[in-house]
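Chains as they are written, first to last, in full-length UniProt numbering: chain A, 1 to 396; chain B, 1 to 396.
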């Protein structure tokens, strides 16, 4: 019996074009992990989460372990609404959906907005998992290049204008990570933010703003697209993964209630009531503004170590963007295929993600790589870059 | 701006036909809950889960709180494979996917197997959430009636044969809850199990076996369809929700590796690594066979209280199936619209789920209702049925 014959055509295509693979092979023992977008282990509030779980179960007994969970789930929603308010985003309860991390948020948005006729505008490069998700629904993409000031909105405008002249469909949405972008670490300027919102109005598309890193600025803090959005065109996707703990899987979508309502319908009870209630208790017991100061100080300092090591160990021909926040730095090494170089890097005991995975057309990314300064400690970061320097020298 | 205009046609249709609603309104204070399929509070292992979380975080620190989580996630898989083996189901790691409860399992199966041309065969009545999920993908259903011996496979055969004669598409899969069905509490006989497997082979369809209640037998234990499946046609959906705690959201799909691979692709990291690892620790520390004996004893006893109260308080015209396991009893009250009766029942302080929600054509279910004996204690169950008896008498 041919099981695959039961798959509808679109599923066969999604599976064919997207063979489940790994961006990085198994790591050798002792490898310095500059590939992974994990928070620093010392910043994960292990004791506090343990205390939150214990206090929740002592207080509410079996309640948080049933389907609908604890009333604390509503408190989590209120806490997130309050944090969004502090960032200039005003949403009601009906305009917010808690998700299992930003990944479920992006998946739900794709499910309700995309079909095989839909066009999606993406940044180039962009977050590889979002790219994978969108490709399950459509093959029609507009890739807009990112430079050190973020998405090139003038290029976006040219393309939209030309599509209009040619009677082509406009994107259903633009997926953007305007602040400390994954993978480039770049931030869209205030002018470009204004411009992209104007374009959305003029050409009638929605904007999915992935803001997973937005609170992790080193110095300057720009308003989110959602805070500037007067037309309810922005679906703001957020997450506690980068600022509390990814394993708790708490993310959200803030946007127009029609969107939230539709996402909730497809989400059904793909919830995690226990984790949500535990997180509500954790947040209630935490001075989050103070915690954010610690997070920013730690990542600022780690980033400085990375940049200084890059200056010291990388050859002249390599170049990179200087991140102003977030987890990542983006490097170009002209003439080097970073996928091939990864083998040597792992042999030297350092990892990164080859650039090609972040591009729709992978051949655009062969000379790039993403470095993460979030996970390893400062000594390891410096040592990792020293090892990387040797590998790059040998690859030139 | 009309946000809804951004939804593809199929999504507009799914939302239109399925207005998110509640099966039951808000309960009055002190209402006896015979509607909800929750485990008995005393059987939820609150202290043990708390201990598992503490021991996990003490042992592995931040590891379980990162994306990929703890190595214990693999142990959970092994533990579930071992339990399945004890039930005659032999699967490899590649044939098992851990999901966020059975609901995500059903949703993933629907995503990879259904499109708007797909026909789905369902039991009538059937689990309302599965019905809702399938309706997001297709409107083409074959409803096969259930009697006290489960799915009427002879009716299924007639329909399949006639569809073949008429050149109509056969179902892509049959969704069945063969053991202690939701909502009827009935169990498919061994003969019918054999028959349905033969039909799947003859007419080339898959079988989705939802086995959420299978371990909760009172006396007799029939083999699962998956255990009898020699052709890899059965996708076995299981869950720890009914036997440990629904709030932990641990379910699974066991089936052909092509299916598992495709489901995993669409699942991405819609996982809950922390809950999975905590559950692995809990299971490792638990004599599960002994726990199952306690569960069976408790629910057998609760069911006996329910049945005895039904005999005592319900009028002659009401009839019901006698459950041999699981959580539910299914009742018919000829001439009474149970949706209308619910208002009076809530006023009397007892809840149930009106039968219509379990049918594709809701008008087929007006005289039925589902009673759950799982959640309330024995005294409350008896008192609830006493109240229900009064309401039924008044409705006749």
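Glycine included, C-beta positions come from ideal geometry on N, C-alpha and C.
Per-residue DSSP class, three states only, for residue i
i, result
"residue 198/B", "helix"
"residue 32/B", "strand"
"residue 213/A", "coil"
"residue 396/B", "coil"
"residue 23/B", "coil"
"residue 273/A", "helix"
"residue 180/A", "coil"
"residue 207/A", "strand"
"residue 311/A", "helix"
"residue 339/A", "helix"
"residue 412/B", "The structure shown does not extend to residue 412/B, since chain B spans only 1 to 396, so no value can be given for it."
"residue 91/B", "coil"
"residue 86/B", "helix"
"residue 321/B", "coil"
"residue 254/A", "strand"
"residue 70/A", "coil"
"residue 353/A", "strand"
Cα-Cα separation between residue i and residue j, rounded to whole angstroms
i, j, result
"residue 261/A", "residue 313/A", "51 Å"
"residue 108/A", "residue 386/B", "45 Å"
"residue 248/A", "residue 270/B", "11 Å"
"residue 112/B", "residue 97/B", "14 Å"
"residue 341/A", "residue 151/A", "28 Å"
"residue 392/B", "residue 320/B", "14 Å"
"residue 146/A", "residue 75/A", "38 Å"
"residue 11/A", "residue 141/A", "18 Å"
"residue 369/B", "residue 334/B", "11 Å"
"residue 177/B", "residue 252/B", "15 Å"
"residue 64/A", "residue 302/B", "23 Å"
"residue 77/A", "residue 133/B", "25 Å"
"residue 229/A", "residue 259/A", "15 Å"
"residue 148/B", "residue 187/B", "7 Å"
"residue 239/B", "residue 105/B", "9 Å"
Contact test: residue i Cβ vs the ligand COA heavy atom, cutoff 8 Å
i, result
"residue 211/B", "Within the structure as shown, the ligand COA is missing, as the structure has no ligands at all."
Residues that residue i contacts on chain B, provided the C-beta gap is smaller than 8 Å
i, result
"residue 399/A", "Because chain A spans 1 through 396 in this model, residue 399/A falls outside it and cannot be assessed."
"residue 1/A", "204, 231, 232 and 233"
Per-residue contacts from residue i into chain B (C-beta, under 9 Å)
i, result
"residue 61/A", "41, 44 and 46"
"residue 218/A", "Within 9 Å Cβ-Cβ: nothing; residue 218/A doesn't reach chain B, min ~23 Å."
"residue 129/A", "268 and 269"
Beta-carbon neighbours of residue i, restricted to chain A and to distances below 8 Å
i, result
"residue 30/B", "Residues of chain A passing the Cβ test: none, with the nearest at roughly 17 Å."
"residue 124/B", "Under the 8 Å cutoff, chain A gives no residues; its nearest Cβ is about 21 Å from residue 124/B."
"residue 25/B", "Neighbours of residue 25/B on chain A: none; closest Cβ ~15 Å, over 8 Å."
"residue 38/B", "66 and 67"
"residue 7/B", "112, 113 and 262"
Within chain B, the residues that residue i reaches when beta carbons sit closer than 7 Å
i, result
"residue 69/A", "247"
"residue 274/A", "247, 248 and 275"
"residue 10/A", "115"
"residue 4/A", "258"
Contact list for residue i against chain A, beta-carbon separation under 7 Å
i, result
"residue 15/B", "262 and 265"
"residue 183/B", "Here the premise fails: no neighbours, minimum Cβ distance about 16 Å."
"residue 50/B", "53, 54 and 57"
Integer Cβ distance of residue i from residue j, believed to fall under 8 Å
i, j, result
"residue 121/A", "residue 174/A", "4 Å"
"residue 272/B", "residue 309/A", "Incorrect: roughly 36 Å between the Cβ atoms, too far for contact."
"residue 326/B", "residue 180/B", "3 Å"
"residue 285/A", "residue 52/A", "7 Å"
"residue 222/B", "residue 207/B", "Not quite, the Cβ-Cβ distance comes to about 15 Å (not below 8 Å), so this is no contact."
"residue 345/A", "residue 388/A", "6 Å"
"residue 376/B", "residue 34/B", "7 Å"
"residue 329/A", "residue 292/A", "Incorrect: roughly 21 Å between the Cβ atoms, too far for contact."
"residue 79/B", "residue 280/B", "6 Å"
Contact list for residue i against chain A, beta-carbon separation under 9 Å
i, result
"residue 382/B", "Within 9 Å Cβ-Cβ: nothing; residue 382/B doesn't reach chain A, min ~22 Å."
Note down, in chain order, all residues in the segment 90-117 of chain A with a beta-carbon under 8 Å from any beta-carbon belonging to chain B. 100, 101, 103, 104, 107, 111, 112, 113, 114, 115 and 117
Closer than 8 Å, Cβ to any Cβ of chain A: which residues of the segment 152-174 of chain B, in chain order? 172 and 173
Could you name the residues of the segment 298-324 of chain B whose beta carbon sits closer than 9 Å to any beta carbon of chain A, in the order they occur along the chain? none
Which residues, in order along the segment 234-264 of chain A, keep a beta-carbon less than 9 Å from a beta-carbon of chain B? 241, 244, 245, 246, 247, 248, 249, 255, 256, 257, 258, 259, 261, 262 and 264
Please list, in chain order, the residues of the segment 137-149 of chain B that have any C-beta partner in chain A closer than 8 Å. none
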